[in-house]
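Engineer: Chains as they are written, first to last, in my numbering: chain H, 1 to 364; chain B, 365 to 475; chain U, 476 to 635.
Got a structure for you, questions after.
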Amino acid sequence: MEEKELVIIGAGPAGLCAAIEARKKNIDVLIIDENIKPGGQLFKQIHRFFGSKQHMAGIRGITIGEKLLEEVEKLQANVWLDSTAYGIFGNRIAGVIKSRKKNVTVKAKAILIAAGAVENPISFEGWTLPGVMGAGACQTMINIHRVLPGKKALMIGAGNVGLIVAYQMLQAGIEVKAVIEIMPKINGYMVHAAKIKRFGVPIFLSTTILEASGKNEVEAAVICPVDQDYKPILKRTKSLDVDLICIAAGLQPLNELLCQAGCQFTYKPYLGGNVALHNENMETTIDGIFVAGDCSGIEEASTAMEEGKLAGIAIAEKIRKRKWDDEKLEVRNRLNDFRIGTFGEKRKISKMEIEKEYYEKVKN
Amino acid sequence: MKKNDLRIYDHPILGKLPEKKRVSIYFNGRKLIAYEGEMIAAALYANGIRALRKTEKFKQTRGIFCAIGRCTDCVMTVGGIPNIRTCVTPVRNGMKVESQKGRGRWKKKNW
Amino acid sequence: MKKLRIDETLYIKTPGFLSEQRIRKGPVAIIECTQDIPCNPCETICPRKAIKIGLPITNPPEIDEAKCSGCGLCVLWCPGLAIFVLNYNFDKIRASLTIPYEMLPLPGKNEKIKCLDRNGKYVCKGKIEKVTPPKKNSRTSLITFSFQKKYFNTVRGFKK
Chain H
1 MEEKELVIIG
11 AGPAGLCAAI
21 EARKKNIDVL
31 IIDENIKPGG
41 QLFKQIHRFF
51 GSKQHMAGIR
61 GITIGEKLLE
71 EVEKLQANVW
81 LDSTAYGIFG
91 NRIAGVIKSR
101 KKNVTVKAKA
111 ILIAAGAVEN
121 PISFEGWTLP
131 GVMGAGACQT
141 MINIHRVLPG
151 KKALMIGAGN
161 VGLIVAYQML
171 QAGIEVKAVI
181 EIMPKINGYM
191 VHAAKIKRFG
201 VPIFLSTTIL
211 EASGKNEVEA
221 AVICPVDQDY
231 KPILKRTKSL
241 DVDLICIAAG
251 LQPLNELLCQ
261 AGCQFTYKPY
271 LGGNVALHNE
281 NMETTIDGIF
291 VAGDCSGIEE
301 ASTAMEEGKL
311 AGIAIAEKIR
321 KRKWDDEKLE
331 VRNRLNDFRI
341 GTFGEKRKIS
351 KMEIEKEYYE
361 KVKN
Chain B
365 MKKNDLRIYD
375 HPILGKLPEK
385 KRVSIYFNGR
395 KLIAYEGEMI
405 AAALYANGIR
415 ALRKTEKFKQ
425 TRGIFCAIGR
435 CTDCVMTVGG
445 IPNIRTCVTP
455 VRNGMKVESQ
465 KGRGRWKKKN
475 W
Chain U
476 MKKLRIDETL
486 YIKTPGFLSE
496 QRIRKGPVAI
506 IECTQDIPCN
516 PCETICPRKA
526 IKIGLPITNP
536 PEIDEAKCSG
546 CGLCVLWCPG
556 LAIFVLNYNF
566 DKIRASLTIP
576 YEMLPLPGKN
586 EKIKCLDRNG
596 KYVCKGKIEK
606 VTPPKKNSRT
616 SLITFSFQKK
626 YFNTVRGFKK
């Protein structure tokens, strides 16, 4: 068995930021990631991020990813890539298949689970056909692998992910035939909608998909308006000539490892579903198991980075038995800056509820 | 652009596709060109192949769904080993990739 | 099917909306950002401090008509691609619009184009006046194109 002070599972924005903060405080850090390259989903975010200067606003996700990797390297954090953390066992032991070959167990003083999220599917006739995929999956194909998964597309869902990925599909050279949204209004930012509207992409509201048709692959999509009760108005169906259908129906936290570690959960719809209870230091109901990023509730890459920093500092405090209250306050202020407005407020309230529920559980 | 060549050679944000060494892989015995280090599923999609496997009961086709190794919809038999997640497994020169039927079958190891 | 439509009525009541008097004076930034998004690079980058957001950073951007010179720096930095520079006095009969552009291929100077409204619908003919290719890290190009003055409030994009 190997021994480390801090094991971080997931080398995405949250995990990398936590590693940087912990390394700055000279904590012995090991980052484990299943992928061949670190960065998580940052490198497919080719758009500029919102926020303020402190949040690196106006900078593209890819550029932020490069900066984080540089810093991790400079601070000499240990990284195991192509390695899967398959389990968390009692007393903070992580089971890892290292480099897809060797089973290694690592004992740690603290484990940070920053495994990210998974896209929600929606099911409809033909949804399993090749050519139906998650919006994030399409983003991976075009921005990471540089391969077109189709040439003519339909996007389902006009939240920020749907709108941003639709724009990125245009950038990659895919013809976006339509974006459809079952709600009577879009859920994403109007500026993202305006970006694709200017290129003539129609956004159909109160509209759903009935069917993806095709023999072995997607050859067309059948869409249809819905009434006030979200029931399809079948006599007004319309067929679209598409070979790609992307689903942007939100994300949910990847909870397997947290579950296995014995963490307690709570259901928070604005944060993507079941979320591990955690306190203001990102520690879960299991002593020494921390959580950050989308894993602690679906938000954005910018908040994931701040949560990672917060967890990194808090973990260093726990291990070194010291206090860095000022640094934590700075991070919390930046997090609060981001959790305001119509879009952020609900997430902020959910986060506060989580903290409250955590203390109710931990006290008892 | 060649027919069935679905690579994005130029991109407004990402720039030109970097030159990479080409390798050969075999899809159901058919030779295809792939880029060194890229994922098997990406190489297949680049060659216009999207139906990667067939399901056990209803023999339906499946392709990439999540592209990040979570959903296992893209599993194929690679080098005789079934259920390999092709969206997160890189190609190797001479690799034999076969569309899997159902849960697949272990073959003699020949990677 | 019910389509989302975006037009100028959406922007009239925002603090970023300019008086027609100011527009007629010359180059100025048009900010089409209406929601409380936590975002302020336009305020940070403006060398003349003509854009004000303040605290909280979800405030919609407010533009100081007197201070803005229409330099276009905010156009490059807006993550929402929601800022344009309008020059009503491009010449006697035409106005020009500078927009952020992140598509390929880039148009060429003097190229004839079709000007589009906020919904991508054809409005009038136009001409590319200036193409500023992206600087190193930015990857956003600036395109300036001209069209008949009367469409200054309608035209927001183009196609070849």
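Just so it is clear, CB atoms sit at the ideal spot from N, CA and C, and this is done for glycine as well.
On the three-state DSSP scale, how would you describe residue 426 of chain B?
Structural biologist: Strand.
Engineer: According to DSSP, is residue 268 of chain H helix, strand or coil?
Structural biologist: Strand, per DSSP.
Engineer: Mind listing, in chain order, the continuous beta strand (DSSP E) runs of no fewer than 3 residues lying wholly within the stretch 554-603 of chain U?
Structural biologist: The stretch 554-603 of chain U contains these whole beta strand (DSSP E) runs: 558-562, 569-576 and 587-591.
Engineer: Distance check for residue 441 of chain B and residue 536 of chain U, CA to CA, integer angstroms please.
Structural biologist: So the alpha carbons of these two residues sit roughly 55 Å apart.
Engineer: What is the rounded straight-line gap between the Cα of residue 302 of chain H and the Cα of residue 143 of chain H?
Structural biologist: Cα to Cα, the separation comes out at about 19 Å.
Engineer: With DSSP collapsed to three states, give me the class of residue 495 of chain U.
Structural biologist: Helix.
Engineer: Any beta-carbon of chain H closer than 8 Å to the one on residue 582 of chain U?
Structural biologist: No, residue 582 of chain U does not count as interfacial toward chain H.
Engineer: Note down, in chain order, each residue of its chain lying with its Cβ closer than 8 Å to the Cβ of residue 635 of chain U, except the 5 sequence neighbours on either side.
Structural biologist: Closer than 8 Å at Cβ, skipping near neighbours: 582, 586, 588 and 589.
Engineer: With a Cβ-Cβ cutoff of 8 Å, do residue 176 of chain H and residue 147 of chain H count as a contact?
Structural biologist: No, the Cβ-Cβ distance between residue 176 of chain H and residue 147 of chain H is not below 8 Å.
Engineer: With H, G and I counted as helix, E and B as strand and the rest as coil, what does DSSP make of residue 252 of chain H?
Structural biologist: In the structure shown, residue 252 of chain H sits in a strand (DSSP, three-state: E or B).
Engineer: Tell me which same chain residues have a C-beta within less than 8 Å of the C-beta of residue 550 of chain U, skipping the five on either side of it?
Structural biologist: For residue 550 of chain U, where only same-chain residues beyond five positions count, the Cβ hits under 8 Å are 504, 558, 559, 560, 573, 574, 575 and 617.
Engineer: May I ask you to verify whether the stretch 409-427 of chain B touches the stretch 375-385 of chain B, counting CB pairs closer than 8 Å and requiring at least 3?
Structural biologist: These segments do not touch.
Engineer: Residue 380 of chain B bridges to which residues according to DSSP?
Structural biologist: Residue 380 of chain B is bridged to B:374.
Engineer: What first and last residue would you give for the beta strand (DSSP E) that runs through residue 446 of chain B?
Structural biologist: Segment 445-449, the beta strand (DSSP E) holding residue 446 of chain B.
Engineer: What is the DSSP secondary structure of residue 365 of chain B, counted as helix, strand or coil?
Structural biologist: Residue confidence for residue 365 of chain B is low, a pLDDT of 45 falling below 50, so the modelled location carries little weight; the figure read from the coordinates is stated next. Three-state DSSP puts residue 365 of chain B in coil, outside helix and strand.
Engineer: For residue 80 of chain H, which three-state DSSP category applies?
Structural biologist: In the structure shown, residue 80 of chain H sits in a strand (DSSP, three-state: E or B).
Engineer: Does DSSP classify residue 52 of chain H as helix, strand or coil?
Structural biologist: Coil.
Engineer: With a threshold of 8 Å on Cβ separation, who are the neighbours of residue 46 of chain H within its own chain once the five nearest residues in sequence on each side are excluded?
Structural biologist: Result list for residue 46 of chain H: 60, 61, 62, 143, 168 and 171, in chain order.
Engineer: If you drop the 5 nearest sequence neighbours on each side, which residues of the same chain put their C-beta closer than 7 Å to that of residue 593 of chain U?
Structural biologist: Once the five neighbours on either side are set aside, the close Cβ partners of residue 593 of chain U are 481, 482 and 631.
Engineer: Does residue 532 of chain U have its Cβ less than 8 Å from a Cβ in chain H?
Structural biologist: Yes, residue 532 of chain U lies at the interface with chain H (some Cβ there is under 8 Å from its Cβ).
Engineer: Is there contact here, the stretch 48-60 of chain H with the stretch 507-520 of chain U, by at least three beta-carbon pairs under 8 Å?
Structural biologist: Yes, since at least three Cβ pairs between the stretch 48-60 of chain H and the stretch 507-520 of chain U fall closer than 8 Å, the two stretches touch.
Engineer: With DSSP as the reference, label residue 530 of chain U as helix, strand or coil.
Structural biologist: Residue state, collapsed to three classes: coil.
Engineer: What residues of chain B sit near residue 577 of chain U, judged by a beta carbon separation below 8 Å?
Structural biologist: The answer, in chain order, is 376 and 377.
Engineer: I believe residue 4 of chain H touches residue 77 of chain H by the beta-carbon criterion, under 8 Å. Please report the beta-carbon distance rounded to the nearest angstrom.
Structural biologist: 11 Å between Cβ atoms; not a contact.
Engineer: Taking residue 444 of chain B as the reference, which of B:390, B:427, B:397 and B:419 has the closest Cα?
Structural biologist: Nearest of B:390, B:427, B:397 and B:419 to residue 444 of chain B, Cα basis: B:390.
Engineer: If we define contact as Cβ-Cβ less than 8 Å, is residue 481 of chain U a contact residue for chain H?
Structural biologist: Yes, residue 481 of chain U lies at the interface with chain H (some Cβ there is under 8 Å from its Cβ).
Engineer: Please confirm whether residue 260 of chain H has its beta-carbon closer than 8 Å to some beta-carbon of chain U.
Structural biologist: It does not: the Cβ of residue 260 of chain H has no partner Cβ on chain U nearer than 8 Å.
Engineer: Residues of the stretch 23-41 of chain H with a CB closer than 8 Å to any CB of chain B: list them in chain order, please.
Structural biologist: So the close ones are 34, 35, 36 and 41.
Engineer: Residues in the same chain with beta-carbon distance under 6 Å from residue 306 of chain H, minus the five sequence neighbours each way, listed in chain order, please.
Structural biologist: Cβ within range, chain order: 331, 334 and 335.
Engineer: Between the alpha carbons of residue 98 of chain H and residue 34 of chain H, how many angstroms are there, rounded?
Structural biologist: Near 9 Å, if we compare the C-alpha coordinates of residue 34 of chain H and residue 98 of chain H.
Engineer: Decide if the stretch 264-282 of chain H is in contact with the stretch 223-239 of chain H; the criterion is three or more beta carbon pairs, one per stretch, under 8 Å apart.
Structural biologist: They do not touch, by the three-pair rule.
Engineer: For the beta strand (DSSP E) holding residue 434 of chain B, just list the boundary residues, first then last.
Structural biologist: Residue 434 of chain B -> no beta strand (DSSP E), and no H or E assigned at all.
Engineer: For residue 556 of chain U, decide whether its Cβ has a neighbour in chain H, counting only Cβ atoms nearer than 8 Å.
Structural biologist: It does; some Cβ of chain H falls within 8 Å.
Engineer: Would you kindly work out how many angstroms separate the C-alpha atoms of residue 342 of chain H and residue 192 of chain H, rounded to a whole number?
Structural biologist: Cα to Cα, residue 342 of chain H sits roughly 16 Å from residue 192 of chain H.
Engineer: Under the assumption that residue 447 of chain B contacts residue 433 of chain B (Cβ atoms under 8 Å), give the Cβ distance between them as a whole number of angstroms.
Structural biologist: Not really, about 12 Å apart at Cβ, beyond 8 Å.
Engineer: List, in order along the chain, the chain B residues whose C-beta lies closer than 8 Å to that of residue 133 of chain H?
Structural biologist: In chain order: 427, 428, 429, 430 and 431.
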